[in-house]
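So the protein sequences, as listed, match chains U and S. Okay, so the first sequence: first residue is 16 according to the numbering used here, each after it adds one. Okay, so the second sequence: first residue is 16 according to the numbering used here, each after it adds one. The beta-carbon is built from N, C-alpha and C at its ideal position, and this holds for glycine as well.
There are 2 protein chains.
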Amino acid sequence: MNLATSSGTVRVPIALNERSYDIVIGSGLLADDACWDGLPASADALIVSNTTVAPLYAQALATRLSQRHRRVLQVQLPDGEAHKDWATLNLVFDALLGAGCDRKTVLYALGGGVVGDITGFAAACYMRGVPFVQVPTTLLAQVDSSVGGKTAVNHPLGKNMVGAFYQPARVICDLAMLNTLPPRELSAGLAEVIKYGPIADAEFLAWLETHVEDLRALEPRALAHAVQRSCEIKAWVVGQDERENGLRAILNFGHTFGHAIEAGLGYGQWLHGEAIGCGMVLAAELSARLGLVAPAFVPRLTQLIQRAGLPVQAPVMPGARWLELMRVDKKSEAGEIRFVLLDGVGRAQMRGAPDALVLDVIAAHTSTD
Amino acid sequence: MNLATSSGTVRVPIALNERSYDIVIGSGLLADDACWDGLPASADALIVSNTTVAPLYAQALATRLSQRHRRVLQVQLPDGEAHKDWATLNLVFDALLGAGCDRKTVLYALGGGVVGDITGFAAACYMRGVPFVQVPTTLLAQVDSSVGGKTAVNHPLGKNMVGAFYQPARVICDLAMLNTLPPRELSAGLAEVIKYGPIADAEFLAWLETHVEDLRALEPRALAHAVQRSCEIKAWVVGQDERENGLRAILNFGHTFGHAIEAGLGYGQWLHGEAIGCGMVLAAELSARLGLVAPAFVPRLTQLIQRAGLPVQAPVMPGARWLELMRVDKKSEAGEIRFVLLDGVGRAQMRGAPDALVLDVIAAHTSTD
């Protein structure tokens, strides 16, 4: 299913009928012609990046794109989850309209999850839809957010509340770009890598337990395997349930708690991956309390998350605030909070839980310092 | 193809595979159970209306919906094209999130084109997509904007530049609601009715020439025929080209000139239908100058537009401003303005035209008072 190319590059296909596309994984992909072949060519391209990533890679990407487009424009967004809002999204529309870009313009998202989500949503909406390509530069974006077509911005009352399902034309994961990633961001990305183990692949979880230090050290073979396996699992899930009518929700393991942490502390205080790391501990504990997984699994997962450099203790927030924040989660139905919980190791399910039990679980993993 | 129901109600189907839906046309539809059967029922509904329409019909609609939903919420937007922007769209998200509405919530657009476009775009984006129903209360919305799934808001640099293709679950055209429509709005709606003649149906054009005064007098049988025939033509076009890759663009006859008038004078100075009325005169003239239609067709169409109560003289704007405004049109490609022009009476085509000729056409129909 996955084709290794001559240069060691791997392609993971996402099968979505006329919206199918490939995730290309390799090193030094800006120089790899095959990686760019077949993408839509048109008069105009816009590289959307942020003030941190653009100085590192925008010029090189622009040079590559100038072979395919007559004009290659750029816009730099402010960096960080705190800026994932309408005002930042509008900077993309301003750039497109200010330059007179037509509805064949191709957008390139060069950055992490925030840049990818904003660029994808801008592509979904600009003139009711233009093509876009993901060029994720963080581990989190390479293994999760750039794949699968979920795009959004935040609303003051909830994360990712305004968005679209809109698939990219291709995802280009250049592992060499991870060399410039700060260690804290690398750890945040590992949260989404670890996620795939408990929900879908017990063997991958065991592999991570022996390779987590290699990943933090950016060991190339370990990194390539982790990104490829993560993308394969995500491709398998998204291919079955593009618009999250069921199965796809399992990818939100740890996210109900995690989104509450992000919104409760203010976007950007904890990185998304950090909130998900802690959120997975809480979700595992809740699963154990409901008898869905062995109690010993909780310290096992907690230890791996900790070794990845992620927080495992929840921040202090009043119980009512936790519940209020979790109730606006997109998985809620008619006011009931629904969690992605485990069903043994390597499987997940969606279900509700009594408020009192949920608060008990949070209390058991809240720092008392 | 179109089924007349026992009550004289007509259904015009729009065939778009899993996104297919019906346009229901009749009088007093709030009281007609069959009209509402089969729509998604869920815990929450939100009626989106504006400060002009809500006092007339929101309570009656809420009463009807309370039979299908546990909570029926309402939000009133400011009235008018000048408010078709992100700030107004965000009022809908604020209402949804403030009330804790989940992703099964059904939105109901109760109003004219602006309310319908904003509500549809809000439905497309809220939690990445919730169902919505169009309840158009203006003639323009009943015959055009509520049908076909084009949703959008304006950007300061161009009309409808940010939006989505997102189909409603049903369009409910209650002809009785037109009784409260101000005459100026009725005339504006007639512009979009008239449009269908030149581009698709010479016979309908001739019918309009004998019935335009009946329509302005809201004669029920004439009105029912005009709305039905307009919806049939639109359904036929949209069914073949949902995302405007080709044919659908013909529905934009008069719109390249018209959008420039709206943007150039400031949204809301001329009603959309007024700008389209004048825009059709210019598009017919340009068609005649290019030898695509007989010169005598221009005064013929001009007369009908005038009888509908619409302006036929373009406002005074510098030529460079006209061209600049038309170049940001969504149909432009690589900087070339593309017009929907006639191909005889009852057929349309897309093509470019020399700037000098376009300016000459505008000058020939600009008031010199």
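- Following the DSSP letters along the chain, one finds S/GLY126 inside the beta strand (DSSP E) bounded by residues 121-126.
- For S/THR67, the secondary structure class from DSSP, reduced to helix, strand or coil, is coil.
- In terms of Cβ geometry, U/ALA179 and S/ALA137 do not form a close pair [threshold 8 angstroms].
- Going by beta carbons, U/LEU316 and U/LEU223 fall outside the 8 angstroms limit.
- Here DSSP, grouped into helix, strand and coil, assigns U/LYS174 to strand.
- Taking 8 angstroms as the threshold, the shortest C-beta distance from S/LYS345 to chain U falls below it.
- Looking from the CA of U/GLY288, the closest CA among U/ALA323, U/ARG263 and U/LEU44 belongs to U/ALA323.
- Linking U/CYS293 to U/VAL327 through their CA atoms gives a straight-line distance of about 5 angstroms.
- Listed in chain order, the positions of the segment 102-132 of chain U with a beta carbon within less than 8 angstroms of a beta carbon of chain S are ASN105, PHE108, ASP109, LEU112, GLY113, GLY115, ASP117, ARG118 and LYS119.
- Just measuring C-alpha positions, the residue of U/ASP370, U/ILE187, U/ALA203 and U/LEU356 sitting nearest U/GLY334 is U/ASP370.
- A distance below 7 angstroms between beta-carbons, with the five flanking residues on each side excluded, links S/TYR72 to the following residues of its chain, in chain order: LEU125, THR152 and MET192.
- Burial of U/ARG118 is indicated by the presence of at least 16 other C-beta atoms within 10 angstroms of its C-beta.
- Secondary structure of U/CYS116 (DSSP, three-state): coil.
- In the displayed model, S/ALA167 falls within a strand according to three-state DSSP.
- A distance below 8 angstroms between beta-carbons, with the five flanking residues on each side excluded, links S/LEU106 to the following residues of its chain, in chain order: VAL90 and LEU92.
- Contact between U/ILE187 and U/GLN149 holds: their C-beta atoms lie close to 7 angstroms from each other, under 8 angstroms.
- At a cut-off of 8 angstroms, the C-beta of S/GLU33 has no neighbouring C-beta in chain U.
- Neighbours of S/TYR141 in chain U, taken as residues whose beta carbon is under 8 angstroms from its own, are MET176 and VAL177 in chain order.
- Shown here, S/ASP37 sits in a strand according to DSSP, grouped into three states.
- When the Cα atoms are used, S/GLY261 and S/GLU247 turn out to be separated by approximately 19 angstroms.
- Minimum Cα-Cα distance from S/ARG263 among the listed residues S/PRO70, S/ASP229, S/ALA363 and S/VAL130 corresponds to S/ALA363.
- DSSP places U/ALA237 in the helix class (H, G or I) of the three-state scheme.
- Leaving aside the five residues that flank U/ILE352 on each side, the residues in its chain whose CB is nearer than 6 angstroms to its CB run, in chain order, MET341 and ARG342.
- One finds PHE108 and LEU112 in chain U with Cβ atoms closer than 7 angstroms to the Cβ of S/HIS170, taken in chain order.
- Each of S/ARG231, S/ALA221 and S/VAL177 was checked against the Cα of S/LEU196, and the nearest Cα belongs to S/ARG231.
- Around the Cβ of U/ARG258, a 10 Å sphere holds fewer than 16 other Cβ atoms; the residue is exposed.
- For U/ALA379, the closest C-alpha among the options U/MET365, U/ALA303 and U/LEU356 is that of U/ALA303.
- At a Cβ-Cβ threshold of 8 angstroms, U/LEU220 and U/LEU154 do not count as neighbours.
- Nearest C-alpha to U/ILE40 among U/ASP52, U/ARG26 and U/ALA46: U/ARG26.
- Excluding its 5 nearest sequence neighbours in each direction, U/THR271 has C-beta neighbours in its own chain below 8 angstroms: GLY294, ALA298, MET341, ASP344, LYS346, ILE352, ARG353, PHE354 and VAL355, listed in chain order.
- Remark: fewer than three beta-carbon pairs, one from each stretch, lie closer than 8 angstroms, so the segment 28-36 of chain S and the segment 95-105 of chain S are not flagged as touching.
- No Cβ of chain U is located within less than 8 angstroms of the beta carbon of S/ALA371.
- Beta-bridge partners of S/PHE180 (DSSP): S/LYS165.
- Taking S/VAL308 as reference, the option from S/GLN243, S/LEU325 and S/GLY359 with the minimal CA-CA separation is S/GLY359.
- In this structure, S/HIS226 places its C-beta atom within 8 angstroms of the C-beta atom of S/ALA237.
- Sequence-distant partners of U/LYS174 (beyond 5 residues in either direction) whose C-beta falls short of 7 angstroms from its own C-beta, in its chain, are HIS274, GLU277 and ALA278.
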